[in-house]
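Heads up: the sequence lines are chains A and B, in that order. Position in the first sequence counted from 1, then plus 1208, gives you the numbering used here. Position in the second sequence counted from 1, then plus 8, gives you the numbering used here.
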Amino acid sequence: MIAVPIPVKRLFDWKVRGVRCVEIIGVVCVAALVFSVYIAKAAAARESSEISRIESEIRENRQRVRLLRAEATRLEQPARLEALSREIGLGPVDVRRQAVEAGLPAIAPPPAVAPSAPVTAPAAGETLH
Amino acid sequence: MDYRRPAPGRAQPRPQGPSVGGLFAAWGRWVANCVWWLEHSFERARADGRPEEDTRVRIFLILAVFSAVFACLALGAAHAALFAPRGGSGAGFNANALTRADLVDRNGQLLATNITHYGLYIDPREIWDPASAKAQLRRALPRVSAKRLDRVLGGERRLLVLNGLTPSERSAVHALALGGVSFEPEDRRVYPLGTSAAHLIGRADTGGEGVSGTELAFNQEIRAAGAAGEDFQLSIDLRVQGVVENELAAAAELAKAKGAVAVVADVQTGEILAMASWPTYDANRRNSAPSEALMNRVTSAHYEMGSVFKSFTVAAGIDTGRADMNTLFDASQALQIGRRRITDFHATNKVLTLEEVYLHSSNIGTSRLAVEMGGDVMRDYFRRLGLLDAAPIELKESAAPPKVRKWDDTTLASLSFGYGIMITPIQYVAAYGALVNGGRYVQPTLRKGGRPNAPTHQVVSPETSATMLDLMRRNVTRGSGRFADAPGLRVGGKTGSANKLVNGRYNPAVAVGSFAGVFPADGPVTAKRYTVFVLMDEPGTFPRTGGYVAAPAVGRIADRIAPFLGVQRKADRWSTALGEKIPEFQDVEGDGR
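Dropping the structure here:
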């Protein structure tokens, strides 16, 4: 026989209504473990289904973004834009009507200094795309 | 039967060592012994008189084995739970991954993309009323073929009706709420720009492999970028590309040309900012395009360019020291080489300086220069300018030029003014860039930022390059390229006109007119500078020369793209920032107008 230390032997001999207390404690521990694992698994499943839902939403949105981007590009085809702007009478801005920011005071001096200056300063900088 | 047994009477070779069969037999015997020992251990124990101890040993053994196995499992589970890669979708998965990356221009504007299309499948067993289903489907989806629809509806199994439904078509069919109709997603390459840059972008097949253009040239990199979920950037600037295409189309229609080519390039980095070939086609309806529209004339068409080649001859002459601005060339009468007589298109019949040779585009002058330099020198310059090999651009369409076989005097004379050698426009653009960027030959590229550490080589000296820039600017202010000038942009360039060889004869009614421009032509040779090259193939209007059919387009292109490229309008010694001419010998305040 293997020699068992006294306290261990007493622990095993401690019984309630003929059932070893060690066993009862063990069963309770196992039950608690099982329950907690179940809770954790259920929470994880919920989380992962949420994640996959959001992921699919992102995917869908990305698809739509791509689609809209392609659509915008289609509408902005250079040939199409130019044809449309020529149709309504737009054209490249004449060089005499272009100016840089630094040259603005020369084109339209502040009214207080020179009241006779032309009021309409030509819009500048941009040419037709 | 063993047919390979040795002939009778011959000694059979003995196998060396234990054979494989022998080893197996020994191992089998050992296993059998073990089993036998285990089977009879109870009997042995009983015979030894210790039955209970033996059972305990067995129980302990089994317990130990099970404990070990479960311990391993527990460790494995703990490891998996604690150290598994996060993200939940497995390692190496990228949510943005695509088979092919989006192609974008240098500013991020879309050129080509992947859109999920849908295949329409119908299961006839789930269709309640085939006749009404057919009518509804045809209303919602007019392009579906009636025959195919009939076959599927009359069939037994779920079958594909139509491929490549756009998302809007899919939602139209989906809205019918028909039973038995289902969709399967499929990735499709779409080119939302349609006709713009169609040659340049090329196309990819349904399997996601590039077939032509940049889709083929950068196939691997586009796929790699797609796997990483990134865009792939080209050197193209879509704004410049748009201007170039529109102006080219307008000029080609005005000149009633058969075809036309335009290229805008950065001379310092070799980046192509725009590349247009006219006529063009809709990249999404490639099959219905006429075959002559499909060719990228920039990289695949060969032309005898004519006088634009005089830039190369003159540059070589200056670079070798054989000519400078004051060298005189006798163009008072035609040059006789053997039985051939070389004359000038705009005959001046006098002695010309090098500048006048260039400005009047004198064939006699450049021929004299080329013959003086000799075949070896000319061939060396032409080779270093890349005129004898296919242009080293990434596009696989880049075609090698026909070989120049002879380098005798009469050929040299022809070469000096751009006859007797056929090259592609992109070869010309690359070579021309070397004349105006300080003399370095930079490989043309479609990669944003230029080719990483690509080799460049010196063709002409920086001084020659500066002289050429000056000559080109003079040519635009006072010579044949007047129509290419754009106010304040200091455009320089050279016109070119050549007759085409038709049935073995140069036919003056079938011509090529071109203009190679550069702007701004002033400033140090290493400054930011752009080339604009326009070529009209077989213009139908008169005059057919480059100065009339191509130069105006170059001027308009330069005028419109300068703001995008950040080129400021400035005055130089020839004209003001607003494009008014400054008289040659002006007064102090320039009041001589």
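For each residue, glycine too, the CB sits at the ideal point set by N, CA and C. These figures come from a predicted structure and were not determined experimentally.
By how many angstroms is the C-alpha of B:Val160 removed from the C-alpha of B:Ser153?
Numbered from its first residue, the second sequence carries residue 153 of chain B at position 145. Numbered from its first residue, the second sequence carries residue 160 of chain B at position 152. Cα to Cα, the separation comes out at about 11 Å.
Out of B:Thr464, B:Ile590, B:Ile123, B:Leu281, which has the shortest C-alpha to C-alpha gap to A:Arg1267?
By 1-based counting over the first sequence, the position of residue 1267 of chain A is 59. It is B:Ile123 whose Cα lies nearest to the Cα of A:Arg1267.
Taking B:Leu124 as part of the beta strand (DSSP E), name the residues at either end of that continuous run.
In the second sequence, the residue the question calls residue 124 of chain B occupies position 116. Reading the sequence as shown, one finds Thr at residue 124 of chain B and not Leu. That run of the beta strand (DSSP E) goes 118-130.
Label B:Ile565 either buried or exposed according to how many other C-beta atoms from any shown protein chain fall within 10 Å of its C-beta, with 16 as the threshold for buried.
By 1-based counting over the second sequence, the position of residue 565 of chain B is 557. So B:Ile565 ends up on the buried side.
Heavy atom of the ligand NAP within 8 Å of A:Val1230 beta-carbon:
You won't find the ligand NAP in this model; it holds no ligand whatsoever.
Please list, in chain order, the chain B residues whose beta carbon lies closer than 8 Å to that of A:Arg1282.
As a position in the first sequence, residue 1282 of chain A is number 74, starting the count at 1. The answer, in chain order, is Pro200, Leu201, Gly202.
Please compile the residues from chain A whose C-beta is within a distance smaller than 8 Å of the C-beta of B:Gln249.
On the second sequence, position 241 is the one that residue 249 of chain B refers to. Residues of chain A passing the Cβ test: Pro1286.
Neighbouring residues, chain B, relative to A:Ala1278 (Cβ below 8 Å)
Sequence index remark: in the first sequence, residue 1278 of chain A carries index 70 (1-based). Those within 8 Å of A:Ala1278 in chain B are Leu118, Thr121, Ile123, Val198, Pro200.
Would you call the segment 453-460 of chain B in contact with the segment 497-511 of chain B, where contact means no fewer than 3 C-beta pairs closer than 8 Å?
no
Do you know offhand how far A:Ala1320's Cα is from B:Ala585's?
Along the first sequence, one-based indexing puts residue 1320 of chain A at 112. Along the second sequence, one-based indexing puts residue 585 of chain B at 577. In a straight line, the C-alpha of A:Ala1320 is about 29 Å away from that of B:Ala585.
Between A:Leu1275 and chain B, is any beta-carbon pair separated by less than 9 Å?
Translated into the one-based positions of the first sequence, residue 1275 of chain A becomes position 67. Chain B contact via Cβ: present.
Interface flag, A:Glu1292 vs chain B, CB-CB below 9 Å
As a first step, residue 1292 of chain A is located in the first sequence; it is residue number 84 there, counting from the start. For clarity, residue 1292 of chain A is Leu in the given sequence; the question names Glu instead. False, the Cβ-Cβ gap to chain B never drops below 9 Å.
Listed from N- to C-terminal order along the chain, which residues in the segment 155-185 of chain B have their beta-carbon within a distance smaller than 7 Å of any beta-carbon of chain A?
Pro175
Chain A residues whose Cβ lies nearer than 8 Å to that of B:Ala496:
Walking along the second sequence from the start, residue 496 of chain B turns up at place 488. Checking the sequence, you will find Gly at residue 496 of chain B rather than Ala. Under the 8 Å cutoff, chain A gives Val1303.
State buried or exposed for B:Val444, treating a residue as buried only when at least 16 other CB atoms are found within 10 Å of its CB.
On the second sequence, residue 444 of chain B is found 436 positions in, with the first residue counted as 1. It counts as buried.
Contact under 9 Å by Cβ, A:Ala1278 with B:Leu118
The residue you call residue 1278 of chain A lines up with position 70 of the first sequence. The residue you call residue 118 of chain B lines up with position 110 of the second sequence. Against a cut-off of 9 Å, the Cβ pair of B:Leu118 and A:Ala1278 comes out as a contact.
As assigned by DSSP and simplified to three states, the class of B:Ala212
Reading the second sequence from its first residue, position 204 is the one you call residue 212 of chain B. Reduced to three states, the DSSP call for B:Ala212 is strand.
Residue closest to A:Val1303, alpha-carbon to alpha-carbon, out of B:Arg577, B:Arg581, B:Lys589, B:Ile590:
Residue numbering aside, residue 1303 of chain A sits at position 95 when the first sequence is read from its first letter. A:Val1303 has its Cα closest to that of B:Arg577, out of B:Arg577, B:Arg581, B:Lys589, B:Ile590.
Check for me: the beta strand (DSSP E) holding B:Ala519 runs from which residue to which?
Here residue 519 of chain B is taken as the residue at index 511 of the second sequence, counted from 1. Taken as a continuous stretch (DSSP letters only), the beta strand (DSSP E) holding B:Ala519 covers 513-527.
Would DSSP call B:Gly74 helix, strand or coil?
Sequence index remark: in the second sequence, residue 74 of chain B carries index 66 (1-based). For the record, residue 74 of chain B in the displayed sequence is Phe; it is not Gly. Three-state result, B:Phe74: helix.
For the pair the segment 1241-1256 of chain A and the segment 78-92 of chain B, tell me if three or more CB-CB distances fall below 8 Å.
no
Own chain partners of B:Ile434 with C-beta closer than 7 Å, once the 5 adjacent residues on each side are dropped
The residue you call residue 434 of chain B lines up with position 426 of the second sequence. Within the same chain, B:Ile434 has close Cβ partners Val271, Val306, Thr307, Ala399, Ile401, Ser406, Pro452.
At which residues does the beta strand (DSSP E) containing B:Glu194 begin and terminate?
Reading the second sequence from its first residue, position 186 is the one you call residue 194 of chain B. Residues 189-198.
Residue closest to B:Thr222, alpha-carbon to alpha-carbon, out of B:Asp113, B:Ala105, B:Tyr449
For the purposes of this step, residue 222 of chain B is taken as the residue at position 214 of the second sequence. When only C-alpha atoms are compared, the closest one is B:Asp113.
9 Å Cβ cutoff, A:Val1308 in contact with chain B
Here residue 1308 of chain A is taken as the residue at index 100 of the first sequence, counted from 1. Interface residue, yes.
Could you tell me whether the Cβ atoms of B:Lys266 and B:Asp493 are closer together than 9 Å?
As a first step, residue 266 of chain B is located in the second sequence; it is residue number 258 there, counting from the start. As a first step, residue 493 of chain B is located in the second sequence; it is residue number 485 there, counting from the start. Result no, Cβ atoms of B:Lys266 and B:Asp493 do not sit closer than 9 Å.
Any beta carbon from chain A within less than 9 Å of B:Gln341's own beta carbon?
As a first step, residue 341 of chain B is located in the second sequence; it is residue number 333 there, counting from the start. Not one chain A Cβ lies under 9 Å of B:Gln341.
In terms of residues, what are the limits of the beta strand (DSSP E) holding B:Leu281?
Here the question's residue 281 of chain B lines up with position 273 in the second sequence. Run containing B:Leu281: 280-286, per the beta strand (DSSP E) assignment.
Among B:Leu336, B:Phe78, B:Leu395, nearest to B:Thr374 - alpha-carbon criterion:
If you number the second sequence from 1, residue 374 of chain B lands on position 366. Measuring from the Cα of B:Thr374, the nearest candidate turns out to be B:Leu336.
Do B:Ile280 and B:Leu454 have their C-beta atoms within less than 9 Å of each other?
As a first step, residue 280 of chain B is located in the second sequence; it is residue number 272 there, counting from the start. As a first step, residue 454 of chain B is located in the second sequence; it is residue number 446 there, counting from the start. In this structure, B:Leu454 lies closer than 9 Å to B:Ile280 by Cβ.
Using a Cβ-Cβ distance cut-off of 9 Å, determine whether B:Gly100 contacts chain A.
Residue mapping note: residue 100 of chain B aligns to position 92 of the second sequence, counting from 1. The predicted model places B:Gly100 with a pLDDT of 46, which falls under 50 and marks its position as unreliable, so this point remains unresolved.
May I ask you to report which of helix, strand or coil DSSP gives A:His1337?
Translated into positions along the first sequence, residue 1337 of chain A becomes position 129. With a pLDDT of only 48 at A:His1337, under the threshold of 50, the placement of this residue in the model should not be trusted; the figure read from the coordinates follows. It is coil, neither helix nor strand.
Tell whether a beta-carbon distance below 9 Å holds between B:Asn371 and B:Phe353.
Along the second sequence, read from residue 1 onward, the residue named residue 371 of chain B stands at position 363. Along the second sequence, read from residue 1 onward, the residue named residue 353 of chain B stands at position 345. Result yes, Cβ atoms of B:Asn371 and B:Phe353 sit closer than 9 Å.
Neighbour-count burial assignment, B:Phe317, 16 or more Cβ in a 10 Å radius
In the second sequence, counting from the first residue as 1, residue 317 of chain B sits at position 309. B:Phe317 comes out buried.
I'd like the list of long-range same chain contacts for B:Ala439, defined as Cβ closer than 6 Å, with 5 residues on each side in sequence excluded.
Your numbering for residue 439 of chain B matches position 431 in the second sequence. For B:Ala439, where only same-chain residues beyond five positions count, the Cβ hits under 6 Å are Leu393, Gly394, Leu395.
What is the C-beta distance between B:Val359 and B:Asp338, in whole angstroms, given that I count them as a contact (C-beta under 8 Å)?
Working through the second sequence from its first residue, we reach residue 359 of chain B at position 351. Working through the second sequence from its first residue, we reach residue 338 of chain B at position 330. B:Val359 to B:Asp338, Cβ: 5 Å. Contact.
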